[in-house]
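Residue numbers (this note's numbering): 33 to 476.
Spelled out as structure tokens, the structure:
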């Protein structure tokens, strides 16, 4: 895909839609777990998986954030026409991804019980929650390797192959869920095993594709090594984005504590509704990924005017397409909730969460596209700090000052939308200031 010349609107949509669908498929791994467990293993098993949603979210957002680094660096090299440096960057990225994935898995194994206990996971679901999350963590090295490999593909405009790979592995995941839970009666262990196997499969496919290439993006195991100068550039963008994603989910751990206070039905209903939020959010996040890739290439080529146009188009498309899917979920809310549960008590909490949060999910496009555009221009720390303030500090204040006084499930859910407005507005101010500064330098 030529990101440096020609029309932008069509290319942004062609880039982002497969990426959004890929993210939705990846989320379907966990969504399929929730649906199968809720239907065939009972509400207690559903609550056990639901108790792990915040922890899973930390890993998913951390890995996705870290992958922004390889994406931006490689896209910038393409824009600067420094293709001779691409292969060493690719091998550094893949090598580091495998090693870091193993480390993150080990850390998770050590602290997961502490996190579950701190979030108030009910005693009656703790054992099953531990089984699920420990098996899930075994797939983390493969998840990170897949995300880094997909970032390589996205850097030169290929978002379709990751979508195809996840379509295959996602189908395998659903099939194995049914076999392990219904046929083998493995319960939460069955869905976790199915997810781990699917992660291995998707990783194998993306590495196989890179292995078969005959250009600078060719991957070879014997070339695996880390070049520290390259890694430093990747981490300068990836670490703030990854930490932002992880801390974003850490705030959800505290909110999960509030959800747990309403009992097992609220836990199950909340985790159920969260699936629809992920589906809608994946669209705004996809246009954020489009922004960072297109902006990186054009910024590397020195075309600031085109960077501005990319920003506004991604904001428009991210908000618009996200709200379209949100409206669909709202119109047929009872149908979609009924896919996951037959319990009216669980559905009650799920519908509250859907209407309070999912209906306004388009607002997430503001901070996603704004922060992605800044990262595409090499500015990653400032948006990460604002997002941490908006999603952690602000939400903690809400829990203490508002939710403690009005202890209702609806009031707890309202914290999301209010924090999105605060965060998006603050990063927009930083974006305007940065673009004004860049424009002056260009004129000079």
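The C-beta atom is built at its ideal place from N, Cα and C for all residues, glycine as well.
Apart from the 5 residues on each side of it in sequence, residue 305 sits with its Cβ closer than 6 angstroms to the Cβ of 382, 385 and 386 in its chain, given in chain order. If you ignore the 5 residues before and after residue 243, its C-beta comes within less than 6 angstroms of the C-beta of 251, all in its own chain and listed in chain order.
Counting every other CB atom within 10 Å of its CB across the protein chains shown gives residue 469 a total below 16, marking it as exposed. Using a 10 angstroms sphere on the CB of residue 437, the tally of other CB atoms stays under 16, which defines it as exposed.
Take the alpha-carbon of residue 172 and the one of residue 90: they are about 12 angstroms apart. The beta carbon of residue 134 sits closer than 7 angstroms to those of 173, all from its chain and outside the five residues before and after it, given in chain order. In this structure, residue 327 sits near residue 405, with a CB-CB distance shorter than 9 angstroms. Judged by pairs of C-beta atoms under 8 angstroms, the region 268 to 276 does not touch the region 203 to 211, as fewer than three such pairs exist. With a contact defined as Cβ atoms closer than 8 angstroms, residue 97 and residue 301 miss out at about 28 angstroms. Taken through DSSP and simplified to helix, strand or coil, residue 75 comes out as helix.
Secondary structure of residue 364 (DSSP, three-state): coil. In this structure residue 81 is buried. Its beta-carbon is surrounded by 16 or more other beta-carbon atoms within 10 angstroms.
Nearest to residue 233 by C-alpha distance, out of 223, 198 and 319, is 198.
Taking residue 182 as reference, the option from 200, 136 and 126 with the minimal CA-CA separation is 126. Membership of residue 387 in the alpha helix (DSSP H) is indicated by the continuous run 376 to 388.
Per DSSP, reduced to three states, the secondary structure at residue 258 is coil, with no helix or strand assignment.
Residue 409: not part of any alpha helix (DSSP H); DSSP gives it neither H nor E. Taking a cut-off of 8 angstroms on C-beta distances, the region 439 to 448 touches the region 286 to 301, as three or more cross pairs fall below it.
Residue range 296 to 332 is occupied by the alpha helix (DSSP H) that includes residue 297. Not a single unbroken stretch of the beta strand (DSSP E) spanning 3 or more residues falls wholly within the region 165 to 245.
Cβ neighbours of residue 402 within its own chain (closer than 6 angstroms, five residues either side excluded): 459, 460 and 463. The Cβ atoms of residue 136 and residue 346 lie no closer than 9 angstroms to each other. For residue 154, there is no enclosing alpha helix (DSSP H), as DSSP marks it with neither H nor E.
Here DSSP, grouped into helix, strand and coil, assigns residue 38 to coil. A direct Cα-to-Cα measurement between residue 184 and residue 433 gives close to 44 angstroms. By the neighbour-count definition (other C-beta atoms within 10 Å, threshold 16), residue 364 is an exposed residue. Residue 407 and residue 76 have their C-alpha atoms roughly 42 angstroms apart. Selection 466, 53, 92 and 55 evaluated against residue 278 yields 92 as nearest (Cα-Cα).
Contact check for residue 390 against residue 440 fails: the beta carbons are separated by 9 angstroms or more.
For a cut-off of 8 angstroms, the C-beta gap from residue 317 to residue 55 is around 6 angstroms, short enough to register as a contact.
Residue 371 and residue 67 have their C-alpha atoms roughly 7 angstroms apart. Contact check for residue 321 against residue 108 fails: the beta carbons are separated by 9 angstroms or more. Of the residues 343, 255 and 74, the one whose Cα lies closest to the Cα of residue 296 is 74. By the C-beta criterion, the region 141 to 150 is judged not to be in contact with the region 110 to 126, since fewer than 3 inter-stretch pairs fall below 8 angstroms. Each residue's CA atom was taken as its position, placing residue 188 and residue 411 some 21 angstroms apart. DSSP places residue 119 in the helix class (H, G or I) of the three-state scheme.
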